[in-house]
Each structure stands twice: as C-alpha cells, then as structure tokens.
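The sequence shown begins at -14 in our numbering and counts up by one. Positions of the beta carbon are idealized from the N, C-alpha and C atoms, including for glycine. Quick caveat, the model's predicted, so the values are computed rather than measured.
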Amino acid sequence: MSVHAQRARYLPVERGFNIERPPIEPQAFVAETTRAFADDAPTGFTPLDLSAVLGTAYAATTPFMLARYARVRRGEQLPCTLPASGEMWAILRGRGTLQRGGETLEWRERDMFALPGGVVSTWRAEEDAVLWVATDEPILAFEGVRPERVERAPIECTHYRADDVARELRALYDRPIGPDTPGRALFMTTERTEALGTCLPSMTLTLNAVRPGEAQRRHRHNAAAIVLALNESRCTSTIGGRTFPWTRHVTLLTPAGVEHDHRNAATDGMVTDDDVALALIVQDGGLHYYGRTMGFAFA
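So this is what it looks like as structure tokens:
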C-alpha cells in the first residue's frame, strides 16, 4: 500500500453527520479590558482568546474571528504582522502614527482603519494609547492558508477619520426608524467592498446606536457578533437570557444563533450625544450573506 493510500480514512455516518462542537457562551471580557487599560500595562496585545473552549491550537474569539486590545505606551512602538485577509482597527485612546509599506498615517482617538492583512505594521504612540482590532485570522488558520499578497488583497488601506465618523453619526442619531428597522446602524465599507456591503469580504463593521428610550428588538442571526461599547449611556444587552450592562470599552460576545436585544433606558430632559449608547460591532456576516445563510429573524 502506498503512503498516499495509508492516509485515507473512512468514517461511519454517526461520526461524519451532524458534527457537534462545544457551545460558546455569551460573555463580557472585563478582565481583558482592565489589563489593557491598566496604568502599568506594557506595550503589546491582549487577545480575547477562547481557544480553550473552541478546541483550537490558535487564538480565536469565535470560530471565524479574533479580537484584541493593543496597548502602546507613549514613545514606544508596536510592530505586528497579522495573518489575516484584513484588519479592522479602532483607536480608543491616544494618538500617534502608523507605518506600513512605505506609508505613514497619523491617527488619533476615535479614528478607525481597515487594512490588508499580512503586512508589517508599526504603531507608534505620541501619548499612551489603547487600540482595538478584529480580524479573520481563525478562518485562515482553520484552512491552513496565508494572506494574499498586498497587491491582490481584498481591501486597500482605508482610514475612517474621527471627524467624518462624527458627521455620519449625527445623521444616524437623528434618523427616524420604523418598527421593522433592524436597528440604528452605520455600516463601514471600503472602495473595494462597497458592493458587498461589508468591510472585509467575510466580516461586517458597524457602529450601532441606541437612543434613550429605544430598544433594538430581540432578534437572532447566524453570524456571531463581537460588541465593543464606545459610549454606554444606560444601555444593556440581553444575550441568551443573560443581561450585560454596557461598560465603556468592554467587549461583549453574542454567539451565533443566540437571541439578543439592546435597550437604553429613557432619560429626562433634552437628549445629548452622551445619552446615546454607541457600540462598534463586528460580525462574520459577510460569510453568511455570501452563503445565503444569515438567518436573520425577529424573536
């Protein structure tokens, strides 16, 4: 028998059909947030890593996504090359510069970026900084593939400037929504992915707002969601029957298929921007939209 034939395996239907995996629970990554924002935190990454639950040999927050906090101390730099098709970054605190492929970009608090993966990046901080990044690294690790060459990457370096984002949010806050509108959300796309309606081909990046007295109706979808609270107001999320109060810069996890809602308590008097709850949400929705498997439904 050849070595090639020796590699063949044959499974009965009981082992090859309806394969079960360990469940993923809704949760808040409070400890990781605390570590990343600690006064003495060193420059480096704090991954939101559930690989022990998922049974993977690589870091993953969900089967298809990985999120991290990144701390860059004043005057220091954080070099990285992430094995992903793309990277989605949010600047939570601080300012500095990003160097990639001969380009230098300035960044500050509330800026966001969509970047091709697999490229050497150097984040330099002019003041203490905390960043947040989500990628599709687990997909590539699962398939055993590497990022595409930058000239063939699915996206180009894209900068969502804080002032531009603020202008878009103002329109979002004031927009009337009907009872069947899924939520008050702004989808961030790029020149190459605009037709898909996603940020990366496989992942969506949105800013979701909940005005005082509003609620995003309980719903479900087959995409997992990683939710980063940017402004908590008095908002809570109920995920799979568990209620999580929003806390600024804490990340929540909504597993795929789990019913959830977001509710912001009413406030007295005039509503200001500080009263509007705001979250950055990434989902592996691009995969499900393309596969016709999103399965969105109100509960």
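Among the options, which residue has its Cα nearest to the Cα of residue i?
i	options	result
E88	R95, R80, V104, M73	V104
P68	R58, T46, P123, R80	P123
L33	A23, M279, T18, F22	T18
A284	H245, L116, Y275, T175	H245
A241	A(-10), R202, F49	F49
V15	A44, R78, R53, P8	R53
R134	D149, L100, L238, E199	L100
T252	R219, T239, D159	R219
G40	R160, A126, T175	A126
E112	G102, D260, R196, W92	W92
R6	Y43, T47, M(-14), R(-8)	T47
F281	P230, A210, D259, M255	A210
G254	W231, Q62, G198	G198
Hey, would you say residue i sits closer than 9 Å to residue j, going by beta carbons?
i	j	result
A119	L171	no
T28	R58	yes
L83	I140	no
A45	G81	no
T221	P11	no
S187	S36	no
R169	I162	yes
P167	Q201	yes
E72	A147	no
V261	R196	yes
L192	L265	yes
V38	I9	yes
M173	M279	no
T31	A21	yes
With 16 as the cutoff for other CB atoms within 10 Å, does residue i come out buried or exposed?
i	result
G86	exposed
Y(-5)	exposed
Y275	exposed
V(-12)	exposed
A138	buried
G102	buried
P(-3)	exposed
V130	exposed
T228	exposed
Assuming residue i contacts residue j (C-beta within less than 8 Å), just tell me the rounded distance between them.
i	j	result
A13	R56	Contact flag wrong, Cβ pair sits at about 19 Å.
L213	T236	5 Å
N249	R233	Contact doesn't hold; Cβ gap of about 14 Å is too wide.
L51	L77	Not really, about 17 Å apart at Cβ, beyond 8 Å.
A194	Y158	6 Å
T175	T143	5 Å
G60	A114	At roughly 11 Å, the Cβ-Cβ gap does not stay under 8 Å, so G60 and A114 are not in contact.
Say whether chain C places a C-beta atom closer than 9 Å to the C-beta of residue i.
i	result
F127	You won't find chain C in this structure, because it holds only one protein chain.
Discussion item. Whether or not the segment 263 to 273 and the segment 199 to 219 are in contact is what I'm after, with contact meaning three or more pairs of Cβ atoms, one per stretch, closer than 8 Å; do they touch?
Written reply: yes
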